[in-house]
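Under this note's numbering, the first residue of the sequence shown is numbered 412, with each subsequent residue one higher. C-beta: ideal position from N, C-alpha, C; glycine also. The structure under discussion appears below in the form of structure tokens.
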Amino acid sequence: QMWEEAIALGKELAEQYENEMFDYEQLSELLRKQAQFYENIVKVIRPKPDYFAVGYYGQGFPTFIRNKVFIYRGKEYERREDFEARLLTQFPNAEKMKTTSPPGDDIKNSSGQYIQCFTVKPKLDLPSKFHRPVSEQIVSFYRVNEVQRFEYSRPVRKGEKNPDNEFANMWIERTVYVTAYKLPGILRWFEVKSVFMVEISPLENAIETMQLTNDKINNMVQQHLNDPNLPINPLSMLLNGIVDPAVMGGFANYEKAFFTEKYMHEHPEDHDKIEKLKDLIAWQIPFLAEGIRIHGEKVTEALRPFHERMEACFRQLKDKVEKQYGVRAVLSSLDDRRGSRPRSMVRSFTMPSSSRPLSVASVSSISSDSTPSRPGSDGFVLEPLLPKKMHSRSQDKLDKDDLDKDKKEKKKEKRNSKHQEIFDKEFKSTDISLQQSEAVILSETISPLRPQRPKSQVINVISSERRFSVSPSPPSSQVTPPPITPRTKLSFSIQSNLELNGMSSSDISDVPPPLPLKGSMADYGNLMDSQDLISPTTSPPAHQRVSP
């Protein structure tokens, strides 16, 4: 279950598969395994093995372990008694020592075998890549793996014994063991290469204890937030042991021992440490509040009286601490876990209006309120709604330039305001507004006199209308000229010597091809039923010629 080590080896293999062997099939399989390893790190709870210090003293042991100390890594859920029994089976004649203090020379030089065994605590050594706070589920691996320093703390009393408060004169004698290599390694045990000892004062011990307690509460709260299915019993025991003064006494013993005028007068150098201890006590209240809130949400009806008593004790504790040491507040866990707005949405709202792309709805609204702002919007899409004089396209361009100069600032302000309004509407109504805008634009291009026809028939009709206009024969009295519509705004002049598509007018047949069969009366619009009215001398347009 050391998935972190497997990921490191997988990255080396991935480099080979991708850049050396070009075996993408193996690479894909390896990356899938790595993804599963990352998921296991976050979701799977791994057991934390214990570490034991074992000393072999006496001349009866082999030379490679004689009078040496080793650090062993125990098996999963292995207790110290089970480990000692397993160790003594290898040396049935050895005698187990009763104390944890280093033995004297008389034992080391004796001819017998003495084994000393006790539990040590690994010292966390986080890698340099964790330069910011990370999840406890990730850090927990490094608390019992890749460790090289181990501590053993033994309480020592100095001075007169105080029956009312044992914390006032309780010192901690801490022994630190440094192994030759990090554990676990190729072996489950390594020799201790250096040992040194430090003394922890009662006040420093109180600070460490409060810090560990706050971390323990915070870690358990985070575990319940990440996994709501965790059992509630460990949280109940932890909270009740801190909140209920009848269980452990809480930090009231620290107040009696260190927050007195006598202690401050005798130890003026500890003023900063006392302030730090007060700060840790004040910070414990918001952690307890979050834990009790989660406990209240998950508690069963059978434990409801227990929870109500714990809440009553916490209210008294909170009033006392906030009155003496101040109020501390942490960010809500829900705020920390709530996802922020997607980066794409943030970018769409923070981009300047000049660099944001115009949507279909915004373009249509801007074009309908003012002069067309795009070169294709003046001739075809909005022409039926904006009747104009029949003049050339160059005159249109001049008129538009004049209007743009007059309304430049006005149109810019309108575009910005409308654009922001459109963006606000788009996030509420999603794509419905866009679909409606497109439908309105399409309906404007359809003439109410006749339905829309395919492009080939449109070309035939335009060419037929052109034959009416250039026919040299006198028109009949029954024939009426076609009405002028915005669609006939474009005018063309056909010259006899004009060459189209590489063919001159002399190559064109004098007899036009027959028109396609009519499906209904609206197929040809203004054309008459009789084709005899069409002059036979009119040349067919170039669009109807079909090259072999």
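Reference residue i, options the options, closest by Cα
| i | options | result |
| --- | --- | --- |
| ILE402 | THR711, GLY707 and THR586 | Lying outside 412 to 959, the shown extent of the chain, residue 402 is not represented and no answer is given. |
| LEU561 | VAL603, VAL738 and GLN470 | The question names Leu, yet the displayed sequence has Phe at residue 561. If we check each option's Cα against that of PHE561, VAL603 comes out closest. |
| PHE552 | ARG565, ARG543 and PRO533 | PRO533 |
| GLN470 | ASN520, ILE653 and PRO513 | ASN520 |
| PRO458 | ASN580, ILE618 and VAL555 | VAL555 |
| GLN501 | VAL480, PHE529, ARG490 and TYR467 | TYR467 |
| PRO473 | TYR525, MET581 and HIS676 | TYR525 |
| TRP600 | VAL710, GLU436 and ASP461 | ASP461 |
| GLN695 | GLU708, VAL465 and ALA740 | ALA740 |
| PHE662 | LYS729, ARG490 and GLU712 | LYS729 |
| GLU971 | LEU636, HIS635 and ALA579 | There is simply no residue 971 to check, as the chain begins at 412 and stops at 959 in what is shown. |
| SER647 | ILE705, ILE583, ARG497 and LYS509 | ILE705 |
| PRO595 | PRO925, HIS718, PRO923 and GLN412 | GLN412 |
| ILE456 | VAL531, PRO538, ASN430 and GLN634 | GLN634 |
| ILE643 | MET675, HIS682, THR711 and SER605 | THR711 |
| VAL531 | VAL545, ARG565 and LEU926 | ARG565 |
Rounded straight-line distance, which links the Cα of residue j to that of residue i
| i | j | result |
| --- | --- | --- |
| GLN392 | THR620 | What the structure shows of the chain is the stretch from 412 to 959, and residue 392 is not part of that stretch, so it cannot be assessed. |
| ASP434 | ARG443 | 15 Å |
| LEU641 | VAL453 | 15 Å |
| PRO679 | GLU571 | 20 Å |
| GLU577 | PHE725 | 25 Å |
| LEU650 | LYS689 | 20 Å |
| ASP536 | LYS593 | 11 Å |
| PHE698 | GLU415 | 30 Å |
| ASN504 | VAL558 | 32 Å |
| LYS627 | GLY702 | 11 Å |
| PHE791 | LEU438 | With a pLDDT of 40 at PHE791, under the threshold of 50, the modelled position of this residue cannot be trusted, and the question is left open. |
| ASN630 | ALA700 | 14 Å |
| PRO645 | ASN451 | 23 Å |
| TYR563 | ASN616 | 14 Å |
| THR671 | ASN664 | 11 Å |
| ARG715 | GLU423 | 54 Å |
| PHE463 | PRO514 | 17 Å |
| TYR488 | LYS673 | 46 Å |
| THR971 | VAL480 | Because the chain in this structure spans residues 412 to 959, residue 971 falls outside the shown range and cannot be described. |
| PHE607 | TYR449 | 38 Å |
| VAL540 | GLN447 | Here residue 540 turns out to be Lys, not Val, going by the sequence shown. Roughly 21 Å between the two C-alpha positions. |
| GLN548 | ALA425 | 26 Å |
| GLU708 | PHE475 | 58 Å |
| GLU465 | LEU636 | Correcting the residue type first, residue 465 is Val in the shown sequence and not Glu. The straight-line gap from Cα to Cα measures roughly 40 Å. |
| ARG490 | LYS667 | 36 Å |
| HIS682 | VAL609 | 22 Å |
Helix, strand or coil at residue i according to DSSP, with G and I counted as helix
| i | result |
| --- | --- |
| GLN714 | Going by the sequence as given, residue 714 is Leu instead of Gln. Three-state result, LEU714: coil. |
| SER439 | helix |
| MET432 | coil |
| TYR674 | helix |
| SER784 | Confidence in SER784 is poor, its pLDDT being 42 and thus under 50, which makes the residue's placement unreliable; the coordinate value appears in the next sentence. Note: SER784 maps to coil in three-state DSSP. |
| ILE685 | helix |
| PHE601 | strand |
| SER389 | Residue 389 is absent from the model: the chain starts at 412 and stops at 959. |
| GLU557 | coil |
| PHE578 | coil |
| LEU424 | helix |
| ALA668 | helix |
| ILE628 | helix |
| GLU680 | helix |
| LYS540 | coil |
| VAL606 | strand |
| LEU636 | helix |
| ILE618 | helix |
| SER751 | Low local confidence applies: a pLDDT of 39 at SER751 is under 50, so the model's placement there is unreliable, with the coordinate-based value given in what follows. Here SER751 sits in coil by DSSP. |
| GLU584 | strand |
| LEU364 | The question about residue 364 has no answer here: the residues shown for the chain are numbered 412 through 959. |
| VAL738 | coil |
| PHE393 | With the chain covering 412 to 959 only, the question about residue 393 has no answer from this structure. |
| ARG898 | At ARG898 the pLDDT is 49, less than 50, meaning the model places this residue with poor confidence; the figure from the coordinates comes in the next sentence. It is helical. |
| GLN806 | Confidence in GLN806 is poor, its pLDDT being 49 and thus under 50, which makes the residue's placement too unreliable to answer from. |
| ALA591 | strand |
Contact under 8 Å by Cβ, residue i with residue j
| i | j | result |
| --- | --- | --- |
| LEU614 | LYS684 | yes |
| VAL738 | ILE692 | no |
| TYR588 | ILE482 | yes |
| GLU506 | GLY523 | yes |
| VAL654 | MET721 | yes |
| LEU420 | TYR428 | no |
Cβ-heavy atom distance, residue i to the ligand FAD, below 7 Å
| i | result |
| --- | --- |
| ASN616 | Among the components of this structure there are no ligands whatsoever, and the ligand FAD is therefore not found. |
What are the complete beta strand (DSSP E) segments, minimum 3 residues, inside the segment 443-496? Those beta strand (DSSP E) runs which fall completely within the segment 443-496 and span 3+ residues are 462-468 and 479-484.
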